[in-house]
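Structure first, then comments.
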Amino acid sequence: MRNRSAPPFTVMPVLSYPDVSAATAWLQRAFGLVEHVRIGDHRAQLGFGEGALFVADTTNGRTAAGADLSHSVTVRVSDIDAHYRVAAAAGAQILAEPADQPYGERQYTAADPAGHRWTFTQSIADVAPEEWGGTTVVPW
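Under numbering that gives the first Met the number 0, the first residue of the sequence shown carries the number 0, and numbering increases by one thereafter.
Below, the structure written as structure tokens:
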């Protein structure tokens, strides 16, 4: 069933921020996410390609990322280097510069103002998991 009040995706992370409006604006400017639904001043639904996430305030026991890494978000982009330049110019804290990985991805990692870790990835080669030490269980 289609519901215009909810993203049509199976998995949707929820990231908490002290200021939902500021976080939403920053995520759009720095990482290119698109705001689809705003729920008062305490929640927003953002999309990117064929994925979505929720931005939530820090009420009801939720906190921002803090000092410990308890989660991260990986987002596929079509031009990693252009995306990196936009994010860096918008003030993203760059934790790892764009680099080619042995598993066929080019990636960089950044932190947003609340400390959430984001890895952006672009496929650059078709590499079997066995070529870099992985194991294919059920092929994609």
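Glycine is no exception: its CB is placed at the ideal position from the N, C-alpha and C atoms.
Reduced DSSP category for residue i - H, G, I as helix; E, B as strand; rest coil
{"i": "A95", "result": "strand"}
{"i": "S15", "result": "strand"}
{"i": "W25", "result": "helix"}
{"i": "A88", "result": "helix"}
{"i": "Y107", "result": "strand"}
{"i": "S122", "result": "strand"}
{"i": "F53", "result": "strand"}
Residue burial classification, residue i (beta-carbon count within 10 angstroms, cutoff 16)
{"i": "Q44", "result": "buried"}
{"i": "R105", "result": "buried"}
{"i": "F119", "result": "buried"}
{"i": "W117", "result": "buried"}
{"i": "V19", "result": "buried"}
{"i": "I79", "result": "buried"}
Residue interval of the beta strand (DSSP E) (run including residue i)
{"i": "A42", "result": "It should be noted that the sequence gives Arg, not Ala, for residue 42. First-last of the beta strand (DSSP E) with R42: R42 to F47."}
{"i": "V76", "result": "Here V76 belongs to no beta strand (DSSP E), and DSSP marks it neither H nor E."}
{"i": "I38", "result": "V33 to I38"}
{"i": "G60", "result": "Premise fails: G60 is in no beta strand (DSSP E) and is neither H nor E."}
Whole-angstrom C-beta distance between residue j and residue i, which should lie under 8 Å
{"i": "L121", "j": "V76", "result": "According to the sequence shown, residue 121 is Gln rather than Leu. Going by Cβ atoms, the distance from Q121 to V76 rounds to 6 Å, so yes, they are a contact pair."}
{"i": "L94", "j": "L52", "result": "Their Cβ separation, rounded to whole angstroms, is 19 Å, which puts L94 and L52 out of contact at 8 Å."}
{"i": "G90", "j": "A29", "result": "7 Å"}
{"i": "V126", "j": "Y102", "result": "6 Å"}
{"i": "Y16", "j": "A63", "result": "6 Å"}
{"i": "G46", "j": "P6", "result": "6 Å"}
{"i": "V85", "j": "G31", "result": "7 Å"}
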